[in-house]
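Participant: Letter 428 of the sequence shown, counting from 1, is numbered 439 in the working numbering, and no numbers are missing.
C-beta atoms are modelled at their ideal positions from N, C-alpha and C, and glycine is treated no differently.
After the structure tokens below, expect a handful of questions from me.
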Amino acid sequence: MFADLLRRMQVQDDPRIVAVGDAVESDGVCVSTNPTTGQPLAGVRMDSVEDYEQTAARAHEAFLQWRSVPAPVRGQAVRAIADELRRHKEDLGALVSLEVGKIRSEGEGEVQETIDIADFAVGLSRQLYGLTMPSERAEHRIEERWHPLGPLGVLTAFNFPNAVWGWNAMIGAVCGDSIVWKPSLMAPLTAIATNAICARVLEGLGHPPIFQLTIGTDDVVGERLVDDRRLPLISATGSCRMGRIVGQKVAARLGRCLLELGGNNALIVEPDADLSLAIPSIVFGAVGTCGQRCTTTRRLLVHESIAHDVIDRLVSAYRQVRLGDPLDPDTHVGPLISERAVEGFERAVALAQEQGGEVLVGGERAQVEGLGGHFVQPTIIRAPASNDLPIAMEETFAPILYVFSYRDLDEALAMHNSVSQGLSSAIFTRSLLAAERFTSERGSDCGLAYVNLGTSGAEIGGAFGGEKDTGGGRESGSDAWKAYMRRQTVSIHFGSTIQLAQGIRFDQ
Ligand code: NAD
């Protein structure tokens, strides 16, 4: 099946892909493993320093041509890319499922997200508006122009191996930039296929090769890309640990960084909440993608008057969750990405118990018949009565939901905002006052705030990103495109006498 997928996407002869189905790690070759079975999918040849240099030089060369292509023409190219992605949505989605273990609808949903942002980018290509300002001087005009920025460096996390690049690449492309993409070594095949499909479309239209891919280790390729002065913007999606390193390195060379880092997202359930909406939203938010979304619901804050009821309903819903092969349509939850992730899950559960937490459901690694992969049981852990549970302050990339109870909304908001990350947040309530309070300047301190919706599953139309240790970046819709361009303030004088601003006189 895997070989057929590669063939249909026309990447079976990509020189990077070696030893399909039978790969072992060796010098210069990483192995992409199917987390559902623990078996190798293929080996992937990694770039050397020289390879990287050539790739970055190609991206720079392509940028010098692409920046002069009119933006609406760039938009037409992105429209053709969206059409081609539609044709390959099923295959690319299945590859995402094979490589990172997402269930099929989520794998395809990810490709849909890239298609959506491409559609958005097509419209944007005719709307890269600049402002005009009245000048304080007669016969002067001031305006802002938005110019292409340069080749972008894009680092992506394993858990969104297609869409995160899509957000950056589709917007970057209409903005006139080229892209050097360094994907996670846990999902190189999705990157090869995605990049190839999009690059082919541009080649067919006679455009320069703006989509460049570099696959390699962080020390050979990743750090070189981060330090590369040819790349004025590094857009980095991944852990807070990575963001701290990358942010400092890019700042040291006075480059620009767009950081999309970890989350520790909470959902508040008020006493008047409609539980028929809240319960499925909590379950999807906490166990979807096996807890491996940056927006996964990790902390549940429930009003003490309904805590018992909410917990009962959740435990019973968790018992219905079906683990299994992500490509089986009956499966709700696939595996974690690796054995290391399973160990991280076990460590967090053990620590939570040491700290007084009580496992209400799950808590252990799971076996799925016929599959040897990295499965764990979706887990709910109730915090001790003191609400003191230090492990819940960290992001463990696994399906663990910590449950806390609170007395009033002030207390809930204080608990909500007490973590170092600030990505996504949600409240379930029928009260206008509580909803407004939650989304006010005194409410959630996160980049994303939902009312009567769960924490995960953002649409592309809004700007996506978070505050505090989540890094402050914004991608996707709204005016996030401005990060991918350089702003020029242009002043034009059309009179016959020089006038200085602020009334300064300099007569000779
Ligand atoms: P990671 O930080 O291990 O790796 C992310 C990417 O950065 C990879 O491509 C990796 O190779 C690269 N990288 C790591 N260290 C680097 C260095 N020193 N120099 C250059 N490149 C380096 O993250 P992961 O395990 O792949 O993904 C999970 C994390 O990503 C979670 O914390 C999750 O919350 C976060 N995430 C955030 C968002 C968001 O939009 N905020 C989206 C998806 C994932």
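Below 7 Å between beta carbons: does that hold for R156 and V501?
Facilitator: In contact: R156 and V501 (Cβ atoms closer than 7 Å).
Participant: Compare the Cα-Cα distances from V261 to each of I279, R241 and N275 and report the closest residue.
Facilitator: With distances taken between Cα atoms, V261 lies closest to R241.
Participant: Give the straight-line distance between the Cα atoms of L338 and F386, rounded to the nearest whole angstrom.
Facilitator: Cα to Cα, the separation comes out at about 15 Å.
Participant: What's the gap between the Cα of L311 and the Cα of A277?
Facilitator: Cα to Cα, L311 sits roughly 6 Å from A277.
Participant: So, I256 versus P282, is the Cβ gap smaller than 7 Å?
Facilitator: Cβ atoms of I256 and P282: not closer than 7 Å.
Participant: Helix, strand or coil, according to DSSP, for P401 in the structure here?
Facilitator: If DSSP states are grouped into helix, strand and coil, P401 belongs with the helices.
Participant: On the DSSP letters alone, give me the boundaries of the alpha helix (DSSP H) that K260 sits inside.
Facilitator: Residues C251 to A263.
Participant: Out of E452, A423 and Q432, point me to the one whose CA is closest to I438's CA.
Facilitator: Ranking E452, A423 and Q432 by Cα distance to I438 puts A423 first.
Participant: Tell me the DSSP secondary structure of M181 in three-state form.
Facilitator: Here M181 sits in helix by DSSP.
Participant: Can you list, in chain order, the residues of its chain with a C-beta nearer than 7 Å to that of I402? Leave out the 5 residues immediately preceding and following it.
Facilitator: These residues qualify, in order along the chain: A359, L362, A363 and Q366.
Participant: Going by the CB atoms, is the gap between V326 and L371 shorter than 7 Å?
Facilitator: Against a cut-off of 7 Å, the Cβ pair of V326 and L371 comes out as a contact.
Participant: Cβ atoms of Y495 and I182: under 7 Å apart, would you say?
Facilitator: Their beta carbons are under 7 Å apart, which means I182 touches Y495 by this criterion.
Participant: So, are the CB atoms of G302 and P410 less than 7 Å apart?
Facilitator: The answer is yes: Cβ separation under 7 Å.
Participant: Could you say if the segment 457 to 475 and the segment 503 to 514 meet the contact criterion of at least three C-beta pairs nearer than 8 Å?
Facilitator: Cβ pair count under 8 Å is below three, so no.
Participant: Mind checking which residues open and close the beta strand (DSSP E) that includes W192?
Facilitator: Counting along the chain, the beta strand (DSSP E) containing W192 begins and ends at I190 to K193.
Participant: Kindly list the residues whose CB is nearer than 6 Å to the CB of V84, restricted to its own chain and excluding five residues on each side of it in sequence; keep chain order.
Facilitator: Around V84: no qualifying Cβ.
Participant: Using 8 Å as the Cβ pair cut-off and three pairs as the minimum, do the segment 344 to 353 and the segment 105 to 125 touch?
Facilitator: Yes: at least three Cβ pairs fall under 8 Å.
Participant: For the pair the segment 90 to 105 and the segment 450 to 457, tell me if three or more CB-CB distances fall below 8 Å.
Facilitator: Short answer: they don't touch.
Participant: Less than 7 Å separating the beta-carbons of V53 and A34?
Facilitator: One point to set straight first is that residue 53 is Ala, not Val, in the sequence displayed. Yes; because the gap between Cβ atoms is below 7 Å, this pair is in contact.
Participant: So V560 packs on V133, CB below 8 Å; how close in whole Å?
Facilitator: Residue coverage of the chain in this structure runs from 12 to 519, which leaves residue 560 outside it and unanswerable.
Participant: For the segment 109 to 158, which segments carrying the alpha helix (DSSP H) assignment without a break, of at least 4 residues, lie completely within its bounds, in sequence order?
Facilitator: Within the segment 109 to 158, the complete alpha helix (DSSP H) runs of at least 4 residues are 115 to 135.
Participant: In the DSSP assignment, the alpha helix (DSSP H) including G215 goes from what residue to what residue?
Facilitator: Where G215 is concerned, the enclosing alpha helix (DSSP H) stretches over P199 to G215.
Participant: So, for F222: in the same chain, excluding its five sequence neighbours on each side, which residues have a beta-carbon less than 6 Å away from its beta-carbon?
Facilitator: Correct list, in chain order: I190, N206, C209 and A210.
Participant: Which residue comes first and which comes last in the alpha helix (DSSP H) that contains I348?
Facilitator: Unbroken run through I348: none, as it is neither H nor E.
Participant: Mind checking whether the beta-carbon of D456 lies closer than 6 Å to any heavy atom of the ligand NAD?
Facilitator: The answer is no for D456.
Participant: At a threshold of 6 Å, does D480 count as lining the ligand NAD (C-beta to nearest heavy atom)?
Facilitator: No, Cβ of D480 sits at least 6 Å from all heavy atoms of the ligand NAD.
Participant: Counting only the same chain and skipping the five closest in sequence on each side, list residues whose C-beta sits under 6 Å from that of L166.
Facilitator: Closer than 6 Å at the Cβ level, and outside the excluded window around L166, lie K193 and A247.
Participant: Quick check on the burial criterion: 16 or more other C-beta atoms within 10 angstroms. Buried or exposed for Y417?
Facilitator: So Y417 counts as buried.
Participant: Could you check if I190 belongs to the surroundings of the ligand NAD, using beta carbon to heavy atom distance under 6 Å?
Facilitator: I190: no, Cβ never under 6 Å from the ligand NAD.
Participant: In this structure, how does DSSP classify M20 when only helix, strand and coil are distinguished?
Facilitator: The answer is coil: DSSP assigns M20 none of H, G, I, E or B.
Participant: Which residue's Cα is closest to the Cα of G482: C251, A73 and E119?
Facilitator: The shortest Cα separation from G482 among C251, A73 and E119 belongs to C251.
Participant: Excluding sequence positions up to five away, which residues of its chain have a Cβ less than 6 Å from the Cβ of P51?
Facilitator: Excluding residues within five positions, the ones whose Cβ falls inside 6 Å are A34, V42 and T44.
Participant: Can you list, in chain order, the residues of its chain whose CB lies under 6 Å from that of G118, leaving out five sequence neighbours each side?
Facilitator: If we look at G118 and ignore the five residues flanking it on each side, its Cβ neighbours are G104, V107 and S108.
Participant: Going by DSSP, what residues sit across from V165 in a beta bridge?
Facilitator: In the DSSP output, where bridge partners are listed per residue, V165 has W192 and S246.
Participant: Relative to the C-alpha of R497, which candidate in D188, D94 and L434 has its C-alpha closest?
Facilitator: Residue D188 is the option with its Cα nearest to R497.
Participant: Going by beta carbon distance, what residues of the same chain come within less than 7 Å of H71, once the five residues before and after it are set aside?
Facilitator: Same-chain partners within the cutoff: P162 and R241.
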